[in-house]
Amino acid sequence: MKRLIPPLLFALTLAQAQQAPAAPTAPQNVTFTLTQDLVKRSADSSGKVTETIIAAPRTVLPGDVLREEVTLRNVSGRRLGQLNVTVPVPRGTEFSVLTTPAGERWTVTYSTDSGKTFSAQPRRTVTTTENGRQVTRQVPVPTTSYTTVRWTVTSLSPDETLKFSFRVKVK
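So the sequence shown is numbered by this note's numbering: it starts at 314 and just counts up by one.
Below you can see the structure in the form of structure tokens.
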């Protein structure tokens with residue numbers, strides 16, 4: 314059995330493009346809560362699949378699916394401009410599926426280099442031989458190679474709460 318990596322080890326960043334960085338004693342504009350839950354799937358005799366969410370499991374096994382969910386809430390009392398919500402894929406897991414896709418007020422991008430660069434569809438260059446010639450192409454990176462997920466929110470109203478999540482598979 315593997316011990317679950319405590320959610321406190323996960324970095325969560327907030328970048329506000331329209332404000333200067335706040336001093337350490339300044340009030341916080343946004344609160345973040347990161348949870349990690351186990352997703353158990355089961356099928357009944359008719360084949361209908363149901364999911365059970367187990368909050369904050371103590372241990373997980375290889376092959377288990379976890380939901381990484383971040384909740385952000387605007388506590389500033391005013392509308393906030395662009396926010397980046399960046400969540401790394403936990404060590405010992407691989408990205409499985411995005412459960413909060415892009416919406417009207419946010420976009421989603423991924424990193425394959427631990428958050429240095431982001432793209433909506435990360436690609437890599439490969440060189441192959443076709444008909445005796447070297448051919449270089451850009452191909453999609455497998456989603457299992459994603460290391461970080463970022464949602465960019467265009468605005469957040471006072472007291473508004475948003476939830477973003479993705480799933481990972483334990484290696």
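Positions of the beta carbon are idealized from the N, C-alpha and C atoms, including for glycine.
For my contact list, residue i and residue j are in at a C-beta cut-off of 8 Å; report their separation, rounded to the angstrom.
i, j, result
"Val352", "Gly405", "Between Gly405 and Val352 the Cβ distance is about 16 Å, and since that is not below 8 Å, they are no contact."
"Leu500", "Phe479", "Since the first residue shown for the chain is 314 and the last is 484, residue 500 is missing from the structure and cannot be characterised."
"Ala369", "Asp350", "7 Å"
"Arg354", "Glu364", "5 Å"
"Leu385", "Val343", "5 Å"
When you compare the CB positions of residue i and residue j, do they come within less than 8 Å of one another, or not?
i, j, result
"Thr559", "Pro435", "Outside the modelled stretch of the chain, which goes from 314 to 484, sits residue 559, for which no answer is possible."
"Val398", "Val466", "yes"
"Leu347", "Val383", "yes"
"Phe431", "Thr422", "yes"
"Leu393", "Ser468", "yes"
Mapping DSSP to helix, strand and coil, what is residue i?
i, result
"Thr474", "strand"
"Thr467", "coil"
"Ser424", "strand"
"Ser389", "coil"
"Ser458", "helix"
"Thr442", "strand"
"Ala333", "For Ala333, the predicted structure reports a pLDDT of 45, less than 50, and the residue's modelled location is therefore unreliable. A value from the coordinates is still provided. Three-state result, Ala333: coil."
"Val402", "coil"
"Glu488", "The question about residue 488 has no answer, for the chain in this structure spans 314 to 484."
"Lys353", "strand"
"Lys482", "strand"
"Gln451", "strand"
"Leu374", "coil"
"Phe431", "coil"
"Arg305", "There is simply no residue 305 to check, as the chain begins at 314 and stops at 484 in what is shown."
Exposed or buried, which one is residue i when buried takes at least 16 other CB atoms within 10 Å?
i, result
"Asp472", "exposed"
"Arg374", "Checking the displayed sequence, the identity of residue 374 turns out to be Leu instead of Arg. Exposed: under 16 other Cβ atoms inside 10 Å."
"Thr461", "buried"
"Val452", "exposed"
"Val402", "buried"
"Arg446", "exposed"
"Phe477", "buried"
"Glu381", "buried"
"Arg463", "buried"
"Val362", "exposed"
"Val400", "buried"
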